[in-house]
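Below is one structure, written out as structure tokens; the observations come after it.
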Amino acid sequence: MTINPASEWKAGVAKAVARSLLSWFGQNARDLPWRHSRDPYGIWVSEVMLQQTQVQTVIPYWNLWMQELPTLHDLAGVAEDRLLKLWEGLGYYSRVRNLQRAARAVELQHHGRIPSQRAELLELPGVGPYTAGAIASLAFNQSEPLVDGNVARVLSRLNRVEGDPRDSGPRDQLWQLAQGLVTATGELKSVPSTPFAAGRYSALNQGLMELGATVCLPRNPTCLLCPVSTECQAYQAGEVDRFPMVRPRVKATRLCYLVAVITHSGRWLMRRRIDGEVNQGLWEFPQLEVTDDRRDAVDSAREWLGVPESQLIPLPRVRHAITRYQITLDVFMVALKRIPDAIQDGQWVTPEEAGELAVTAAHRKIAKRLIAQEN
Ligand code: SF4
Numbered sequence: 032m033t034i035n036p037a038s039e040w041k042a043g044v045a046k047a048v049a050r051s052l053l054s055w056f057g058q059n060a061r062d063l064p065w066r067h068s069r070d071p072y073g074i075w076v077s078e079v080m081l082q083q084t085q086v087q088t089v090i091p092y093w094n095l096w097m098q099e100l101p102t103l104h105d106l107a108g109v110a111e112d113r114l115l116k117l118w119e120g121l122g123y124y125s126r127v128r129n130l131q132r133a134a135r136a137v138e139l140q141h142h143g144r145i146p147s148q149r150a151e152l153l154e155l156p157g158v159g160p161y162t163a164g165a166i167a168s169l170a171f172n173q174s175e176p177l178v179d180g181n182v183a184r185v186l187s188r189l190n191r192v193e194g195d196p197r198d199s200g201p202r203d204q205l206w207q208l209a210q211g212l213v214t215a216t217g218e219l220k221s222v223p224s225t226p227f228a229a230g231r232y233s234a235l236n237q238g239l240m241e242l243g244a245t246v247c248l249p250r251n252p253t254c255l256l257c258p259v260s261t262e263c264q265a266y267q268a269g270e271v272d273r274f275p276m277v278r279p280r281v282k283a284t285r286l287c288y289l290v291a292v293i294t295h296s297g298r299w300l301m302r303r304r305i306d307g308e309v310n311q312g313l314w315e316f317p318q319l320e321v322t323d324d325r326r327d328a329v330d331s332a333r334e335w336l337g338v339p340e341s342q343l344i345p346l347p348r349v350r351h352a353i354t355r356y357q358i359t360l361d362v363f364m365v366a367l368k369r370i371p372d373a374i375q376d377g378q379w380v381t382p383e384e385a386g387e388l389a390v391t392a393a394h395r396k397i398a399k400r401l402i403a404q405e406n
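Just so we're aligned, residue 32 is where the sequence shown starts under this note's numbering, counting upward by one.
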């Protein structure tokens, strides 16, 4: 995407916002583990984990990741199973696959050194405008803008940007505004010292994201505590609730599956999702899509597994939500000596071995319940 350097800010406002944000961030930055590092690799990993995921959830994942894969070289060489296990529970597994592909590209094309320039970063697999801006500015203090969901909300309100930020027109305008703030930051004669930042551009972008994450919240923003409320057009007009103009979500699609926990000699039958499937490479119990009806589920299980109903032990339903899907899993346990004909593949694993595998989130819930039942 081409970023138009022209700014839509009114004269002097971008500088005032930049100055206030830098000062506020200097005093209010949260102490997050990746902020103690200037290592672009650790910052990159944190940024990818934070996409679609809350900070508090990410912290233990990031800490473990950096223990196990402390360098880009380690990431490039790690086996897929281990990679997926480190990501288990964060979801959106294409993120971590792309991260490894990008690490390998950096090894091959940049001698293992993560590039600092936006254009080079954008050529890496899975690196879009946001991630490129984040690595360039946060790790290398380059004068690059970034716009994520939090930033889009803040900028939409500050400037009363009309339209859904996911649409190209408003999105371009938000990037221009972000660029305007970066430019204004470069023009400041002096900036307050800021912990956790490689320089003024790093602090500006982190401050913008921090404001969106802690003050300019989607609902009930704490405008009275906001350092830029004087410049905020939405606040001044009493229209904070109108921005950002995000269209209502489409109604969730319901999906129902039958899940078979097939046991034999203290082991469970599990299968690895094959290439081309959603969540490829992750493990799960055998499952079958069914209609949304418990009776159908029992009948389907009987037919699918080739056993009488009396052999099926129903377990509590599992509900799971991901993106626009509401997923219901009807779970049945059944003891069998051999793999049913209808199930093409699978391996017998002990519960301990299953704990070492990367398992889909919904099926991890089932496994945890089974282990809790036994203890
Ligand atoms: Fe957000 Fe309120 Fe601050 Fe405006 S004044 S940027 S709406 S928190």
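Ideal Cβ positions, reconstructed from N, Cα and C, are used throughout, including at glycine.
In this text the structure is predicted, and so the values were computed from the model without any measurement.
Under DSSP, residue 318 shares a beta bridge with 290.
Going by C-alpha positions, residue 100 is about 12 angstroms away from residue 92.
Annotation: the continuous beta strand (DSSP E) that includes residue 357 extends over 356 to 366. When C-beta atoms of the region 77 to 97 are compared with those of the region 274 to 287, fewer than three pairs fall below 8 angstroms, so the two segments do not count as touching.
Close to the ligand SF4, as judged by a C-beta nearer than 6 angstroms to any of its heavy atoms, are the residues 185, 188, 189, 246, 247, 252, 254, 257, 259, 260, 263, 265, 266 and 271, in chain order.
In this structure, residue 222 lies near residue 50, with their beta-carbon atoms less than 9 angstroms apart. The continuous beta strand (DSSP E) containing residue 351 extends over residues 344 to 353. Beta bridge pairing from DSSP links residue 301 with 378. Assigned with DSSP and collapsed to three states, residue 390 falls in strand.
The region 134 to 144 and the region 207 to 221 do not touch, with fewer than 3 CB-CB distances between them shorter than 8 angstroms. The C-beta separation of residue 261 from residue 56 comes to about 17 angstroms, leaving the pair out of contact by the 8 angstroms criterion. The alpha helix (DSSP H) runs of length 4 or more contained entirely in the region 114 to 201 are, from start to end of the chain, 125 to 140, 149 to 153, 160 to 165 and 180 to 190. DSSP places residue 284 in the strand class (E or B) of the three-state scheme. Taking a contact as a CB-CB distance under 8 angstroms, the pair residue 365 and residue 336 counts as one, their CB atoms being some 6 angstroms apart. The region 176 to 186 and the region 232 to 246 touch, with no fewer than 3 CB-CB distances between them shorter than 8 angstroms.
For residue 391, the number of other beta carbons within 10 angstroms of its own is at least 16, and it is reported as buried.
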